[in-house]
């Protein structure tokens with residue numbers, strides 16, 4: 001069964017510090033992985049997807065098939081990065097449904 | 111980006127009543143819509159996958175007679191919580207896309223409080 005795991009419920013860093021939000025997945029096929037972000041009182045929105053290999057708001061994520069990981073990184077955290085971050089896997093054999101990890105709350109302190 | 115709306119944004123109802131939540135794709139035709147439930151500071155739990163014109167596919171443990179889903183058009187899906195009880199109080203979120211591999215867009219969510 002596909003599963004997405006985010007081991008950290010809360011990650012607290014100071015402004016300017018590097019950030020790494022961990023995500024591990026279990027899926028037997030080729031994974032389709034995403035990071036979604038939910039700012040306070042806002043809807044969930046796509047941050048980035050692994051196939052695009054782009055950097056959004058300074059965040060990057062690299063798929064490591066050997067470690068079955070898709071960690072989200074940013075070299076210098078900003079206060080406006082404070083939000084809930086969800087790693088998700090899409091199963092295109094089942095209509096493209098997204099299965100989410102437990103979520104990590106990132107708190108960036110001034 | 112594309113927009114998905116939900117109505118109502120919040121609803122309070124008495125125990126035993128039924129509540130209908132609408133999910134609309136405003137500027138694209140959604141072949142598939144999804145319904146999630148989210149508890150405070152917790153993840154989104156997928157409830158069901160809704161395809162236009164066919165029966166919804168429910169995730170394990172989700173009562174299909176309790177959570178009725180109708181996807182009658184390419185722009186509208188509804189979730190009806192029947193005979194609601196306080197434990198059904200939650201944040202319900204829908205999402206939609208217009209084809210496998212396409213970006214998934216999320217609605218703003220509906221907060222349900224059952225008294």
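Residue numbers (my numbering), protein chains in the order written: chain X, 1 to 110; chain H, 111 to 225.
No residue lacks a Cβ here, since even glycine has one placed at the ideal position from N, Cα and C.
{"Check": "Excluding the five sequence neighbours on either side, which residues of its own chain have a C-beta within less than 8 Å of the C-beta of residue 119 of chain H, listed in chain order?", "Outcome": "218, 219, 220, 221"}
{"Check": "Using the three-state DSSP reduction, which class does residue 94 of chain X fall into: helix, strand or coil?", "Outcome": "helix"}
{"Check": "Helix or strand or just coil, what does DSSP make of residue 20 of chain X?", "Outcome": "strand"}
{"Check": "In chain order, what residues of the segment 94-108 of chain X put their CB closer than 9 Å to some CB of chain H?", "Outcome": "94, 95, 96, 97, 98, 99, 100, 101, 102, 103, 105"}
{"Check": "Assuming contact is defined by CB atoms lying nearer than 9 Å, are residue 31 of chain X and residue 63 of chain X in contact in what I supplied?", "Outcome": "yes"}
{"Check": "Looking at chain C, which residues of the segment 190-210 of chain H have a Cβ within less than 9 Å of any of its Cβ atoms?", "Outcome": "Reference to chain C is not applicable here, since the protein chains of this structure are X and H."}
{"Check": "Take residue 58 of chain X and list the residues in its own chain whose beta-carbon comes closer than 6 Å to its own, dropping the five residues that flank it on each side.", "Outcome": "74"}
{"Check": "Across which residues does DSSP place residue 106 of chain X in a beta bridge pair?", "Outcome": "X/11, X/83"}
{"Check": "Assess, as a yes-or-no matter, whether the segment 125-134 of chain H is touched by the segment 184-200 of chain H under the definition of 3 or more beta carbon pairs within less than 8 Å.", "Outcome": "yes"}
{"Check": "Per the DSSP calculation, residue 4 of chain X is bridged to which residue(s)?", "Outcome": "X/25"}
{"Check": "Are any of the Cβ atoms in chain H nearer than 9 Å to that of residue 25 of chain X?", "Outcome": "no"}
{"Check": "Hey, is residue 118 of chain H's beta-carbon within less than 9 Å of any beta-carbon in chain X?", "Outcome": "no"}
{"Check": "Given a cut-off of 9 Å, decide if residue 208 of chain H and residue 141 of chain H are closer than it, judged by their beta-carbon atoms.", "Outcome": "yes"}
{"Check": "Quick one: Cα of residue 9 of chain X to Cα of residue 149 of chain H, how far?", "Outcome": "14 Å"}
{"Check": "Closer than 8 Å by beta-carbon distance: list the chain X residues that pair up with residue 153 of chain H, in chain order.", "Outcome": "86, 100, 101, 102, 103"}
{"Check": "At the level of alpha carbons, what is the spacing between residue 72 of chain X and residue 95 of chain X?", "Outcome": "26 Å"}
{"Check": "Identify every residue that forms a DSSP beta bridge with residue 61 of chain X.", "Outcome": "X/72"}
{"Check": "Counting only C-beta atoms, is residue 72 of chain X closer than 9 Å to chain H at any point?", "Outcome": "no"}
{"Check": "Can you check which of these residues, H/182, H/212, H/214, H/223, is closest to residue 202 of chain H by C-alpha distance?", "Outcome": "H/223"}
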